[in-house]
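Below: the structure, in structure tokens.
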Amino acid sequence: MTNEYDKLLKEWPYEPGVVQAREATGSDGEPRIQLRVDLGILQMELAGRPDGLRPMGCESLLEHFERLAARAEREGKPEAFRLTPEDCVRLQQEGVQYYHRYLACFQLQRFAEVARDTERNLRLFDFVEKHANKGELGMMFQQFRPYVLMMRSRARAMLALQKEEYDEAIRLIEEGLGEIRSFLEDRAPSEVVENCSEIGFLQKWLDEIKRERPLTPREKLQRQLHEAVETEDYEKAARLRDALKELE
């Protein structure tokens, strides 16, 4: 077994600074996602908990705790459910599994899975914020919120771009930028917001999409109209105005 694993590692050498991911088939014939890391290869399920386990019969440990919290709520004793520091550590370890999977899926352009797993980890952050003691436990998760929001925005926008829905992609990126700014403005000084790498990345990408996206028929006519007015070709400008009215 050791020799076989050594062979696998040599056939797929680790490259520092590069996200190396691939699709594979498990021994059961089902598809898997593999991520090459410095100490080996992570193999993950495509759905559910990445390691394939079902804690307490639930899809994830988060789901198990959500059920306990919901039961306490139904019984009229919401304060009876609290996350311990040990619970938070276990939830963080589980969250890292989903991080590894959405990182690999993004590299493989499986953007629907990225959107799903980033949304799941944001739900985790909210749950811990609500049910754990405030302070260090909350920040253990919340420090990653800007990054996860960025990755969710990238995945959602890529899904829109694949369908050539440029306006929707722009809307989703702007929405993500707003969420990151709102989060940071409530918790950090203004210079942190200004220097946030996630905001910088999304803003640069947004500007590129706006600059390079194909023009709509209306936008093409508006540009031609502007050029006609600039060159004092008023007859052409009149025709273009009529064409614009027909699009209304």
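Heads up, the sequence shown is in my numbering, so the first residue is 72 and it goes up one at a time. Using N, Cα and C, we set each Cβ at its ideal position, and we do this for glycine too.
Would you grab the beta carbon distance between P212 and F196 for me? Rounded to a whole angstrom, and I think it's under 8 angstroms.
-> Here residue 212 is taken as the residue at index 141 of the sequence shown, counted from 1. Here residue 196 is taken as the residue at index 125 of the sequence shown, counted from 1. Here residue 212 is Phe; the residue named in the question, Pro, does not match the sequence. F212 to F196, Cβ: 5 angstroms. Contact.
Closest residue to L318 among P87, S268 and K291 (Cα-Cα distance) = Mapped onto the sequence shown, residue 318 falls at position 247. With distances taken between Cα atoms, L318 lies closest to K291.
How would you call P285, buried or exposed, if buried means at least 16 neighbouring beta carbons within 10 angstroms?
-> The sequence position of residue 285 within the sequence shown is 214, counting from 1. Counting Cβ neighbours within 10 Å, P285 comes out exposed, since fewer than 16 surround it.
Just the C-alpha distance for R187 and R153, rounded to the nearest angstrom, thanks.
-> Your numbering for residue 187 matches position 116 in the sequence shown. Your numbering for residue 153 matches position 82 in the sequence shown. So the two alpha carbons sit approximately 26 angstroms from each other.
Residue environment, A203, which counts as buried when at least 16 other CB atoms sit within 10 Å | The residue you call residue 203 lines up with position 132 of the sequence shown. Classification for A203: buried.
V219 - DSSP class collapsed to helix/strand/coil = For the purposes of this step, residue 219 is taken as the residue at position 148 of the sequence shown. Reduced to three states, the DSSP call for V219 is helix.
Is the CB-CB distance between I244 and L220 below 8 angstroms?
-> If you number the sequence shown from 1, residue 244 lands on position 173. If you number the sequence shown from 1, residue 220 lands on position 149. Against a cut-off of 8 angstroms, the Cβ pair of L220 and I244 comes out as no contact.
Close Cβ partners of M72 (< 7 angstroms) along its chain, the five nearest in sequence each way excluded = In the sequence shown, the residue the question calls residue 72 occupies position 1. With a pLDDT of only 49 at M72, under the threshold of 50, the placement of this residue in the model should not be trusted; the figure read from the coordinates follows. Cβ neighbours of M72 beyond the five flanking positions: none.
Check whether the Cβ of F254 lies closer than 8 angstroms to any Cβ atom in chain B.
-> Considering every chain present, this structure includes no chain B. It has just one protein chain.
Simplified DSSP state of G111, which is helix, strand or coil = In the sequence shown, residue 111 corresponds to position 40, counting from 1. DSSP places G111 in strand when its eight states are reduced to three.
Measure the beta-carbon distance from R107 to Q91 and round it to whole angstroms, keeping in mind my assumption that it falls under 8 angstroms.
-> Walking along the sequence shown from the start, residue 107 turns up at place 36. Walking along the sequence shown from the start, residue 91 turns up at place 20. Rounded, the Cβ-Cβ distance is 4 angstroms, consistent with contact.
Assign R223 to buried or exposed, taking buried as 16 or more other Cβ atoms, counted over all protein chains shown, within 10 Å of its Cβ.
-> By 1-based counting over the sequence shown, the position of residue 223 is 152. R223 should be labelled buried.
Limits of the beta strand (DSSP E) - the one that R93 falls within = Looking up residue 93 in the sequence shown gives position 22. Q91 to T96 is the extent of the beta strand (DSSP E) around R93.
By a C-beta neighbour count over all protein chains shown, 10 Å radius and 16 as the cutoff for buried, is V263 buried or exposed?
-> Within the sequence shown, the letter at position 192 stands for residue 263. With fewer than 16 Cβ atoms within 10 Å of its Cβ, V263 is classed as exposed.
Close beta carbons around L296, own chain, < 8 angstroms, minus the five adjacent residues each side | In the sequence shown, residue 296 corresponds to position 225, counting from 1. A308, L311, R312 and L315, listed in sequence order.
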